[in-house]
DNA sequence: GTCTATACAAAGATAGAC
DNA sequence: GTCTATCTTTGTATAGAC
């Protein structure tokens, strides 16, 4: 165990924290100060600012991936596994520095012309959402309907993130998103009678 | 009719266009070039960059307000009036310079510490959405349920905007948002039998 | 009201020593 | 690998003339 993280790790931590709280337009100098590292060290490790941001986002995406998967694994039923993305959102935000809203969407919004590496990393976030939700949806609604449901759930999930940017309390937005997601799932499975249990396909 | 708009108007146009396409971090110089105006003129009229952006957003919000209201007025039924926000989104984007996603959310994302005037203008966008949707929802679901439904519709609408940032085609995202919104409305009104017509309250 | 010219500050990035 | 010191570019804003 190293009580003193390397300069590289301190840079990644600082870049992620600042991107989360201030946005990526936060000056390099602020990152350097927080990481207690000199400019030359940053450029030696990452080439330039975008390289550092990209690396920090890759690491954050991997952590989000893990957190989300854990929540899926813990969920008892297929339906709750599908809705676990909302549980994961809370846990993810609790574990890391709470961001102003979504760091990936935030960087996307602040970066009109991302380089290839950064662009790929941002796209990977959306890809992960669509792919995993489709996988989790398939047992519930069948492979045919799964992509459609996944797209709608990503829309709702993205709406939750947007509401946070609009100033809505995180828990409130998450609860409403989860509710909408549940409704959407039931609508795709087939209109159930009021109060009826979810009718699973197959 | 003035074929030559004033310098002030050219500045507002240029600021709005650039905020829509490049984000507000686009340098003042780019605005000046596009408006064919000198720096001094900008600062004489608006004090500083944020003042110009704020004024441009106020104007854009007023136009959005008008466009949306027109779509509401044209809609034949209470239900379609409620969903007219999605029609308005398309018409708004068609009329103005197509933005990368939502200009208001974009500015909010890029501006961690907005001044009071800019902050108020950004909040006014969310306020308008919540208030008008609540007004339109009341005849359908009653005054009691209207705020809840309005919040959910803003979430969905915001999700549509977020999907555009994620790279989804605007029309696709809008259609899915509208579908979700219709579903949500019916769910709040009360679970209807499959294929049943919307049961209105009162 | 608008322009030319310029001041002033901040930001990204590099050189060269240790 | 890391630091100190510095260079260059860019960006916001102002002074003073017309």
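Residue numbers (this note's numbering), protein chains in the order written: chain A, 1 to 202; chain B, 203 to 404. Just so you know, even glycine gets a beta-carbon here, dropped at the ideal spot from N, CA and C. Here the structure is a predicted model, which is why all the values come from computation and not from measurement.
- In the three-state DSSP reduction, residue 92 of chain A falls in the helix class (H, G or I).
- Residues of chain B whose Cβ lies closer than 8 Å to the Cβ of residue 162 of chain A are, in chain order, 307, 357, 360, 361, 363 and 364.
- In this structure residue 86 of chain A is in contact with residue 181 of chain A, their Cβ atoms being roughly 7 Å apart against a cut-off of 8 Å.
- About 5 Å separates the beta carbon of residue 364 of chain B from that of residue 162 of chain A, a gap short enough to meet the 8 Å contact definition.
- A residue is called buried when at least 16 other Cβ atoms come within 10 angstroms of its Cβ; residue 301 of chain B meets this threshold and is buried.
- A contact between stretches requires three or more CB pairs, one per stretch, nearer than 8 Å, and the stretch 132-140 of chain A fails this requirement with the stretch 344-362 of chain B.
- Here residue 349 of chain B has 336 as same chain residues with Cβ atoms under 7 Å from its own Cβ, once five neighbours each way along the sequence are excluded.
- The three-state secondary structure of residue 162 of chain A, taken from DSSP, is helix.
- One thing to note: residue 158 of chain A has its Cβ no nearer than 9 Å to the Cβ of residue 96 of chain A.
- Taking C-beta atoms as the reference points, residue 11 of chain A and residue 82 of chain A fail to come closer than 9 Å.
- Considering only beta carbons, the part of the stretch 290-304 of chain B lying closer than 8 Å to chain A consists of 302 and 303, in chain order.
- Using beta-carbon distances, residue 223 of chain B counts as an interface residue toward chain A, with a partner under 9 Å.
- Between residue 259 of chain B and residue 230 of chain B, the gap from beta carbon to beta carbon reaches 9 Å or more.
- For residue 276 of chain B, the closest C-alpha among the options B:293, B:331, B:262 and B:264 is that of B:293.
- In this model, residue 25 of chain A and residue 391 of chain B are separated by some 45 Å (Cα to Cα).
- By the C-beta density criterion, residue 120 of chain A is exposed, having fewer than 16 other C-beta atoms within 10 angstroms.
- In its chain, beyond the 5 residues on either side, 230 have a beta carbon closer than 6 Å to the beta carbon of residue 251 of chain B.
- Each residue's CA atom was taken as its position, placing residue 84 of chain A and residue 261 of chain B some 41 Å apart.
- Every candidate beta strand (DSSP E) stretch fails here, since none sits fully inside the stretch 370-396 of chain B while reaching 3 residues.
- Rounded to whole angstroms, the gap between the alpha carbons of residue 109 of chain A and residue 116 of chain A is 16 Å.
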